[in-house]
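S.K.: As they're listed, the protein sequences go chains A and B.
For the first sequence, UniProt numbering gives the first residue as 1, with consecutive numbering after it.
For the second sequence, UniProt numbering gives the first residue as 1, with consecutive numbering after it.
Glycine residues also receive a C-beta, built at the ideal position from the N, C-alpha and C atoms.
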Amino acid sequence: MRRIVFLVVSFCCIVSTWYACTSGSQAGGALGNMPDTISYNFDIRPIFSDKCFACHGPDAAKREAGLRLDVAEDAYKALKENPGAHAIVPGKPELSEAFARMTTKDSSQLMPPPNSNLKLLPYEIALIEKWIKQGAKYEKHWSFVAVKSPGIPEVKNKKWPRNQIDYFILQKQEEKGLEPNEEADKERLLKRVSLDLTGLPPSAKMMENFLADNSPKAYDKVVDQLLNDPAYGEKMAVHWLDVARYADSHGYQDDNYRSQWPWRDWVIHAFNKNLPYDKFITWQIAGDLLPNATKEQLLATGFNRNHKITEEGGVIDEEYRVEYVSDRTNTFGKALLGVTLECAHCHDHKYDPFSQKEYYQLYSFFNNVKEYGFESIVGGPETWAKKPKMQITDEDVKSVLKFVNKPDTSNLIVSVMGDNTDSVRKTYILNRGVYDSHGEQVQPGVPVAIMPFSNKLPKNRLGLAQWATDKRNPLTSRVFVNQVWQEFFGKGIVKTSGDFGMQGELPSHPALLDWLCADFMSHGWDIKRLVRQIVTSATYRQSAVVSKAKMEVDPDNIFLARSPRYRIKAEFIKDLVLSSSGLLNKTIGGPSVKPYQPAGLWEAAASTGGSLGMLGTYKQDHGAQLYRRGMYTFIKRTVPPPAMGIFDASNRDQCEVKRQSTNTPLQALAMMNDPTVLEAARVLAGKLQQEKSAEQDKINKAFRLIVCRKPGDKESALLADLYKWRLETLTQQKASKLLAVGEYPLPKNADKIKLAALMQVIVNMYNLEETITKS
Amino acid sequence: MANEFMEHALNQNRRRFLSKLSLGLGSVALGSLLVPDLLKGIGGDDDFGFTPGIPHFAPKAQRVIYLFQNGAPSQLESFDYKPKLREMWGQELPASVRMGQRLTGMTSGQASFPLVGSFVDFKQYGQSGAWVSDLFPYTSKIVDDLCIVKSMYTEAINHDPALTFFQTGAQQGNRPSMGAWLSYGLGSENKNLPAFTVLLSRGKGVGQGVYSKLWTNGFLDSIHQGVQFSKGEEPVLYLNDQDGLSKAERRKMLDNLAEVNQLSYQEMGDPEINAKIQQYEMAYRMQTAIPEVTDISKESDDIIKMYGPDCLVPGTYAANCLLARKLSENGVRFVQLYHQGWDQHGNLPGDMRKQALDVDQASAALITDLKQRGLLDETLVIWGGEFGRTNYSQGALTKDNYGRDHHPRCFSIWMAGGGIKPGIVYGESDDFGYNIVKNPVHVHDFQATVLNQLGLDHEKLIYKHLGRRYRLTDVSGKVVKDILA
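1) Nearest chain B C-beta to V741/A closer than 8 Å, yes or no?
2) Quick check: the Cα distance between N663/A and A275/B, rounded to an integer number of angstroms?
3) Give, in chain order, every residue of the segment 571-597 of chain A whose Cβ lies closer than 7 Å to some Cβ of chain B.
4) Short of 8 Å in beta carbon distance, which residues of its chain neighbour I132/A, apart from the five on each side in sequence? Order them along the chain.
5) Rounded to whole angstroms, what's the CA-CA distance from Q453/B to I54/B? Just pull it up for me.
6) Assess, as a yes-or-no matter, whether the segment 114-128 of chain B is touched by the segment 405-424 of chain B under the definition of 3 or more beta carbon pairs within less than 8 Å.
7) Suppose you measure from the CA of K438/B to the CA of P59/B; what does that come to, to the nearest Å?
8) I need the boundaries of the alpha helix (DSSP H) containing Y317/B, first residue and last residue.
9) Quick test of your reading: P150/A and D499/A, contact by CB under 8 Å. State the CB separation rounded to the nearest angstrom.
10) May I ask you to report which of helix, strand or coil DSSP gives P309/B?
11) Who are the neighbours of Y351/A on chain B, taking C-beta pairs under 9 Å?
12) Counting C-beta neighbours from all protein chains within 10 Å, is the total for F6/A 16 or more, i.e. buried, or is it exposed?
13) Look at the Cβ atom of R102/B, then the Cβ atom of I316/A, and state whether they are nearer than 8 Å.
14) For H349/A, collect the residues of the same chain with a Cβ closer than 7 Å to its Cβ; drop the 5 residues on either side in sequence, then sort them by chain order.
15) Quick one: what does DSSP say M631/A is sitting in, helix, strand or coil?
16) How would you label N371/A, buried or exposed, when you count the other beta carbons within 10 angstroms and need 16 or more for buried?
17) Are the C-beta atoms of L263/B and some chain A residue less than 8 Å apart?
18) Out of curiosity, what's the CA-to-CA distance linking K62/A and A258/B?
19) Does the distance between the C-beta of L512/A and the nearest non-hydrogen atom of the ligand GDP fall short of 7 Å?
20) I'd like the span of the beta strand (DSSP E) that includes V414/A, first residue to last.
21) Quick one: grab the DSSP three-state call for H56/B.
22) Helix, strand or coil for V480/B per DSSP?
23) Which residues bound the beta strand (DSSP E) around F122/B?
24) Does any residue of chain A have a CB that is nearer than 8 Å to the CB of H407/B?
25) Within 10 Å of its beta-carbon, does P35/A have 16 or more other beta-carbons around it, so buried, or fewer, so exposed?
26) Touch check for the segment 573-591 of chain A and the segment 624-641 of chain A: three-plus C-beta pairs under 8 Å?
27) Is there a Cβ of chain A sitting closer than 8 Å to that of I290/B, yes or no?
28) So, helix, strand or coil for A156/B, using DSSP?
29) Using the Cα positions of E77/B and S118/B, report the straight-line distance between them to the nearest angstrom.
30) Got a sec, what are the start and stop residues for the alpha helix (DSSP H) H239/A sits in?
31) Straight-line CA distance for R404/B to V335/B?
32) Among A130/B, G218/B, A170/B, Q167/B, which has the Cα closest to the Cα of S650/A?
33) Taking 8 Å as the CB-CB limit, is M178/B close to chain A?
34) Less than 8 Å between CB atoms is the rule here; does M672/A satisfy it with respect to chain B?
35) Excluding sequence positions up to five away, which residues of its chain have a Cβ less than 7 Å from the Cβ of L25/B?
36) Using C-beta distances below 8 Å, list every residue in its chain close to V116/B, excluding the 5 sequence neighbours before and after it, in chain order.
Below is the structure:
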């Protein structure tokens, strides 16, 4: 133990030295490497925001010495405490008091103060000095400026681009001396685009057709086919369900059942019928307020009721009602505007120009709902949704809500939005965010730094939706286009897809983002069109091979001179396993299902006494429901499905715009031993067993279905070795044990040893890194 | 072996790391397996400041065992002796004591708030003369090892937010749990076991549920998530291979898997592939290490006797206490127990007796056991719930039955070992056990103190996420210096 500690410590010392040497380069490079013209937005604001604004920024209550550095006029004017001096004197760092305080040797004078645990790096100080010398010009934060379509940049290699995206990407690559990879081979490309557009691996037939089709339009045809597959809507919905914190239970204490799934069916439907994004969000924010609102538009507003709702006896009603309104406000901020509005819940935002008052002005749009913090919980379908709610009748699902997969004639109720019409609930600033500590009363409004709220708009959620979908709104299109980009490249053009504010990362390709947004809006917010543009670009179609040289120049693949390679999402791992084995049940929508899950998880976590509820014990489904797509797995918030959580799925506690992508031993264990995987391997082995083919062909076919390409000779040989070894070592008894997994029936009269041997080879195929990777 | 560590390092910061290999770092990449964040951008998106794996100052404790009494045990029947409540039995809670403080929706509608004293007697024990109720006879024998804090207070009044507050420092939001922070901050001491483990048990009393968000990694890497150990055949999810697959056969399967993966690496050149191979190796090692650490068959009869017969029944609190010792002894940084069933809104006398019976012997045994192994000095043990209970009866007060509602203003917990002063009682409540009159300890103070004992400055253990620097103690908290040894 002592030795390990020593090693760790000595290693840490080396690493910290290394970091000390290299962090400057992460922030921009060695001192000699400074840009010719210093940009406030790209070079200075990130430093100021991170190191200065907490005390000299937008939060009036915490502002020190009356000094504000985020606004030019304030930074230039005479200092409150020392009227003879100025924090920043454009052109004259030596006269700028702020600069003097950043560089002083006197620790009592130094800024940021040592006790803040913040400090400026030499490179940062040099940047600031040069910026002041060049006139200390301030700029509006890049993401708060309306989108303006830039011109398409010039590139040297004119042959490579397939569409406009590629010019932007290539231009940056050429700047860095990078060249794009070759196009990916057809098999890998097909797997990639199929996973990206439908969440499913390509079928055997698709693979055959695509390989056989040598026409130049072969790829475009496949893209069209996939975009028209109803599985496209399911794929796109998974991200939106994270954004919308959709779940099948109320969350909190007792965490009982909720029947919100028809809203999820609507999301799938909306993506499939390609509802334009401006309508997509308008219906969700304000469908109930549209003139002659349809039932479908009302159902869409379930978005704002997906938040957790308490059923804990003894809570204070108003405390929770306030929590729900806050959740909606925060979700609106993060999901649609990509800003961390919640920071202004208790005080003015510390980094972004959002006052606490503005927070509550925005909050007031969501504060007029006819809802309760706590409703009685006497059980039954009427508690599975909370007021205000809508009923979905059998008649509805035959006519106006055909996409709702209502399996029976029982009462179906969904929580939706609905405002008080007779009176409007007053909204106050809540001091320190405390629910009953009312401050000044406020009227509906928005953070004006983003875009003022026009007087012509109605002061309700419909007006808010119109404000958000106004083409001059600088954030809405950027945030969504960035999320879509993230779905296809693993990370957004703005890496912090939930924070476009001062503390967020700057876009890697700002011009590309703006071009895409302008194009997206001028083409009617057409989501499928945007998706098609992305997947038909040469950028997307590159191979994912990583060369040592590119790894050195661009380890994080910011410049996309290769296709990103990363693990697929939890839901799609299950889909791949079920689909390749032929088990997948393609039913769309309906109540969520309870597939295999290790015993005892719900039971161990449930409340005791009278409140075990209908989700106290896990009642696993049987038959076809076991083989539904991963996205239909029942999400009980307090005990989310383990095989999903292990692979970084959201617990749907709150709005999430980006999942982590981790690699852990628990993931290896799940792939090795989850009955879903084992059963799929057994079933696929059984099917192949019944085909009249050579054993090597069976192995190769399984590999093709699972990895989505023909195995190489060495791969075939290794898998054949494994099969041979298993044939030699398995006994009847062992084979029977291995086959005893899952509820799907065994083929009759199977040769158990052969079957189990092939099953184990297939299990290993499912465990290959490449299988669950977009490559 | 070195190569294996190396590969894991790649996993943790693969691409950037690879690009730095030319700096000659590869040969010293040993620590990263134990301190996964070492090679990531330090402190989240931060470029300097805190370095995962290196304490800020010399730690007193290496590990924590947190015996969470989920549902909130009454301080008035455990450690906070209030004879006045017996004297004033049935009389109304004076407004001068309540001072208009908010009540839960369960009792705010009550017409009267009759005071009720403990149904059980208290006595003084040990050198410290600490008062302990007769419900805790075993605990009363170890009071000289304990620091009893009678002046805890919290901000939440309901279970879910109060539990979440204790574990993550915030009532709402998906923030990392204390164990995840420590895993992040200090790494693991054992490469074959998770740094943060969770054990659940349930008593006979009425109880509240637990939620996996209590052991979440929040925005930290999911390697820091609490790994739940369950009773029964399979202690960790998906750990066991199928019947019919021997250990040797698994080994051979994995070797074959690695070979095929290697082919893919040769073609694609992505270090992620090697990282994946290493995760399978770690999974394989866990398959050996976890059954070993959860096997109590080699424990001596004396030990079994000390923890009580329940410790042989998997999934009980006593079994979990014994398992906690074994995990901790094997280097698990943070062992979090939750024992459910402490929510005595009604039938307190009957239910609380049963709950105390569940936990008293094993909690005390854990302290004694750690002490005799010389581990108590470096292991911080904490016992307590998420808030306290009211001094008045919830529902009807009868001669021998009553209940108590939630009370965040004042409650008791105890700590032992890990550099906490033994044999002291800290803080005082008023004669009514309602308000704190001396040395209040806020939940953030408690958390700051726990981190302090592990060598971490709570103001420096930060992680930057979506533009904000987060701490376990949010924006407050101060170390309770008075209780440090």
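M.R.: From the atom records:
1) yes
2) 8 Å
3) From the segment 571-597 of chain A, no residue has a Cβ closer than 7 Å to chain B.
4) Excluding the 5 residues flanking it on each side, I132/A has same chain C-beta neighbours closer than 8 Å at I88, V89, P90, G91, K92, P93, S96, F99, in chain order.
5) 14 Å
6) yes
7) In a straight line, the C-alpha of K438/B is about 28 Å away from that of P59/B.
8) 317-329
9) Not confirmed; about 23 Å, so no contact.
10) helix
11) G467, R468
12) Residue placement at F6/A cannot be trusted, given a pLDDT of 36 that sits under 50; what the coordinates show is reported in the next sentence. Its Cβ having fewer than 16 others within 10 Å, F6/A is exposed.
13) yes
14) P58, D59, C343
15) helix
16) According to the sequence provided, residue 371/A is Glu. The question's Asn does not apply to it. Flag for E371/A reads buried.
17) yes
18) 56 Å
19) With respect to small molecules bound, the structure shown includes none, and the ligand GDP cannot be examined in it.
20) Unbroken beta strand (DSSP E) run through V414/A: 413-415.
21) In the structure shown, H56/B sits in coil (DSSP, three-state: anything other than H, G, I, E or B).
22) coil
23) 122-125
24) It does not: the Cβ of H407/B has no partner Cβ on chain A nearer than 8 Å.
25) exposed
26) yes
27) no
28) coil
29) If you take the alpha carbons of E77/B and S118/B, they lie about 5 Å apart.
30) 231-243
31) 30 Å
32) G218/B
33) no
34) yes
35) Low per-residue confidence applies at L25/B: pLDDT is 34, beneath 50, and the placement is therefore not dependable, though the value from the model is reported in the following sentence. Contacts found: none.
36) L85, W89, G90, N391, Y392, S393, L397, Y402, R404
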